[in-house]
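J.: In our numbering, the protein residues as written are 27 to 430.
#1: Would you mind working out which of 72, 123, 34, 30 sits nearest residue 48, comparing C-alpha positions?
#2: Ignoring anything shorter than 3 residues, give me the beta strand (DSSP E) runs that lie fully in the region 312-400, in order along the chain.
#3: Note down, in chain order, each residue of its chain lying with its Cβ closer than 6 Å to the Cβ of residue 208, except the 5 sequence neighbours on either side.
#4: Buried or exposed, going by whether 16 or more other CB atoms sit within 10 Å of the CB of residue 415?
#5: DSSP state of residue 160, grouped into three classes?
#6: Let me know if residue 240 comes out buried or exposed under the rule of 16 or more other beta-carbons within 10 Å of its beta-carbon.
#7: Please classify residue 228: does DSSP put it in a helix, a strand, or coil?
#8: Comparing C-alpha positions only, which one of 290, 269, 427, 362 sits nearest to residue 419?
#9: Hey, residue 304 and residue 341: beta-carbon distance below 8 Å or not?
#10: Check this for me: beta carbons of residue 314 and residue 335, under 8 Å apart or not?
#11: Under the rule that 16 or more other beta-carbon atoms within 10 Å means buried, what is residue 140, buried or exposed?
#12: Can you check whether the CB of residue 287 is closer than 8 Å to the CB of residue 293?
#13: What are the start and end residues of the beta strand (DSSP E) that includes residue 421?
#14: Which stretch, first to last residue, makes up the beta strand (DSSP E) that contains residue 69?
#15: Please report the distance separating the alpha-carbon of residue 97 from that of residue 327.
#16: Among the candidates 374, 426, 391, whose CA atom is the shortest distance from the CA of residue 134?
#17: Between the region 246-265 and the region 218-235, do at least 3 Cβ pairs fall closer than 8 Å?
#18: Checking the sheet assignment: what are the DSSP bridge partners for residue 235?
#19: Buried or exposed: where does residue 24 fall if 16 or more other Cβ atoms within 10 Å of its Cβ makes it buried?
#20: How would you call residue 306, buried or exposed, if buried means at least 16 neighbouring beta carbons within 10 angstroms?
#21: Under the rule that 16 or more other beta-carbon atoms within 10 Å means buried, what is residue 228, buried or exposed?
#22: What is the DSSP secondary structure of residue 167, reduced to helix, strand or coil?
#23: Would you mind giving the Cβ-Cβ distance between residue 260 and residue 192, rounded to the nearest angstrom? I have them listed as a contact below 8 Å.
#24: Would you tell me roughly how many angstroms separate the C-alpha atoms of residue 157 and residue 150, rounded to the nearest one?
#25: With DSSP as the reference, please indicate the residues paired to residue 59 in a beta bridge.
#26: My assumption, with CB atoms under 8 Å, is that residue 138 sits in contact with residue 390. Please give the rounded CB distance.
#27: Using only the alpha-carbon positions, how far apart do residue 331 and residue 55 sit?
#28: Taking its Cβ as the centre, do 16 or more other Cβ atoms sit within 10 Å of residue 397, making it buried, or is it exposed?
#29: Measure the alpha-carbon distance for residue 89 versus residue 178 and round it to whole angstroms.
#30: With a Cβ-Cβ cutoff of 8 Å, do residue 195 and residue 256 count as a contact?
#31: What are the boundary residues of the alpha helix (DSSP H) that includes residue 191?
#32: Could you spell out the range, first to last residue, of the alpha helix (DSSP H) harbouring residue 247?
#33: Quick one: what does DSSP say residue 152 is sitting in, helix, strand or coil?
#34: Return the bridge partner residues of residue 86 from the DSSP annotation.
#35: Name the one or two DSSP bridge partners that residue 308 has.
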């Protein structure tokens, strides 16, 4: 194990973090890291060790098991953690997941295909026939936000509010300024407390009504209801937006792969898996803490230590992937960990994949030519999130737009 890695390794990996992690991973798959600053913490970089850690019951996600003073700080942001699947172990995790699990089964999600297609086409219809756009603000961000708002049954016209709340509340609660988190949490709570009370008077056939029924049947507490809504908006928003932005940038950096996908749209599901492996929507898995003294890959990890699982590094491990730095939309097999593994596998993965498939197929069908409107080195990656792996913007120059 090398010297303790600085916080910048976690929060500011730069445009291509894979070379840095490759050297470290080759030395040892587990390293000390100074994040949160001053805490006992470890970064897990090897694919097989990351997968093992996902299923290790000694690694807890419940806030109650956090060491002081982080437990109190997390508890101050109760809406973020009380009913959040990402901060729960079984059996609590199982109870929280049950009310929403059926809504995200592949067969259930597939029924959304016509509506998602309409959303995608409506967004593309608003593009100029030729000229410049930011694909993130014009397409990648609104697509999943409109989709999850409609699926939940909440007013889509309020989505600018959700976009702001999602941005702030998706930050690491142990690192982001408390004032911002508390303000956004207070505003979110006020909005949805009022909406839930209004919806209770006339329940509908939507996911929000289903969650209200679970609350009224004492399956969820009121805070757990609000936290579940928050989780669905954040997870359903950022994951897809990053996937579309990262994937488009990757295809433009690999014109041969882009041409292959244009010619063979049936490769889109395979291309999405390669995008997720190569430049997934999250660089790191969410919070884990050692509930007891333990070892990972021969490295001693004391009780109370933070354990950070690098999804980015796991996706580039040569022990699992042949020539991992090659971006290959035909790669098979391509079993990656970008949606997690085991109990905490992302429940929204089928919906994210469906949106990605429709988005890429429609963009490439309706936009016969597009290119970066800036030099590749001018693309800016998000640098203030410890979890999200995505772009600040993706300026494109369009040359024509076909009808739907």
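The beta carbon of each residue, even a glycine, is placed where N, CA and C say it ideally should be. The structure presented is a predicted model; accordingly, all values stated were derived computationally and were not measured.
T.: Straight from the coordinates:
#1: Position 22 of the chain shown holds residue 48. Of 72, 123, 34, 30, the residue nearest in Cα terms is 72.
#2: 320-322, 325-327, 332-335, 396-398
#3: What you label residue 208 is simply residue 182 of the chain shown in a count that begins at 1. Closer than 6 Å at Cβ, skipping near neighbours: no residue.
#4: Taking the chain shown and counting its residues from 1, one reaches residue 415 at position 389. When all chains shown are included, residue 415 counts as buried.
#5: Here residue 160 refers to the residue found at position 134 of the chain shown. DSSP places residue 160 in strand when its eight states are reduced to three.
#6: Taking the first residue of the chain shown as 1, we reach residue 240 at position 214. So residue 240 ends up on the buried side.
#7: Mapped onto the chain shown, residue 228 falls at position 202. Coil.
#8: As a working note, residue 419 is residue 393 in the chain shown. For the residues 290, 269, 427, 362, the minimum Cα distance to residue 419 belongs to 269.
#9: Position 278 of the chain shown, counting from 1, holds the residue named residue 304. Position 315 of the chain shown, counting from 1, holds the residue named residue 341. Closer than 8 Å, so yes.
#10: Translated into positions along the chain shown, residue 314 becomes position 288. Translated into positions along the chain shown, residue 335 becomes position 309. For residue 314 and residue 335, yes; Cβs fall inside 8 Å.
#11: Position 114 of the chain shown, counted from the start, is the residue given in the question as residue 140. Residue 140 comes out exposed.
#12: Looking up residue 293 in the chain shown gives position 267. Looking up residue 287 in the chain shown gives position 261. Contact: yes.
#13: On the chain shown, position 395 is the one that residue 421 refers to. Residues 421-425.
#14: Within the chain shown, the letter at position 43 stands for residue 69. Its beta strand (DSSP E) spans residues 67-70.
#15: Here the question's residue 97 lines up with position 71 in the chain shown. Here the question's residue 327 lines up with position 301 in the chain shown. Residue 97 and residue 327 have their alpha carbons spaced roughly 19 Å apart.
#16: If you number the chain shown from 1, residue 134 lands on position 108. The option with the nearest alpha carbon to residue 134 is 374.
#17: yes
#18: Locating residue 235 in the chain shown gives position 209, counting from the first residue. In the DSSP output, where bridge partners are listed per residue, residue 235 has none listed.
#19: The requested residue 24 is not part of the displayed model; the chain covers only 27 to 430.
#20: As a position in the chain shown, residue 306 is number 280, starting the count at 1. It counts as buried.
#21: Position 202 of the chain shown, counted from the start, is the residue given in the question as residue 228. So residue 228 ends up on the exposed side.
#22: To locate residue 167, count along the chain shown from 1; it is residue 141. Coil.
#23: Translated into the one-based positions of the chain shown, residue 260 becomes position 234. Translated into the one-based positions of the chain shown, residue 192 becomes position 166. With a Cβ gap of about 5 Å, residue 260 and residue 192 count as contacting.
#24: Position 131 of the chain shown holds residue 157. Position 124 of the chain shown holds residue 150. In a straight line, the C-alpha of residue 157 is about 13 Å away from that of residue 150.
#25: On the chain shown, residue 59 is found 33 positions in, with the first residue counted as 1. Its beta-bridge partners are 31.
#26: Locating residue 138 in the chain shown gives position 112, counting from the first residue. Locating residue 390 in the chain shown gives position 364, counting from the first residue. So it is not a contact: roughly 21 Å between Cβ atoms.
#27: Counting from 1 along the chain shown, the entry for residue 331 is found at position 305. Counting from 1 along the chain shown, the entry for residue 55 is found at position 29. If I take the Cα positions, the gap works out to 17 Å.
#28: As a working note, residue 397 is residue 371 in the chain shown. Residue 397 comes out exposed.
#29: On the chain shown, residue 89 is found 63 positions in, with the first residue counted as 1. On the chain shown, residue 178 is found 152 positions in, with the first residue counted as 1. Taken atom to atom, the span from the alpha-carbon of residue 89 to that of residue 178 is near 27 Å.
#30: Here residue 195 is taken as the residue at index 169 of the chain shown, counted from 1. Here residue 256 is taken as the residue at index 230 of the chain shown, counted from 1. Yes, these two residues count as a Cβ contact at 8 Å.
#31: Here residue 191 corresponds to residue number 165 of the chain shown, with the count starting at 1. Its alpha helix (DSSP H) spans residues 185-195.
#32: Indexing the chain shown from 1 puts residue 247 at position 221. Per DSSP, residue 247 belongs to no alpha helix (DSSP H) and is neither H nor E.
#33: Position 126 of the chain shown, counted from the start, is the residue given in the question as residue 152. Coil.
#34: Here residue 86 corresponds to residue number 60 of the chain shown, with the count starting at 1. Residue 86 is bridged by DSSP to 315.
#35: Mapped onto the chain shown, residue 308 falls at position 282. Looking at the DSSP assignment, residue 308 forms a beta bridge with 414.
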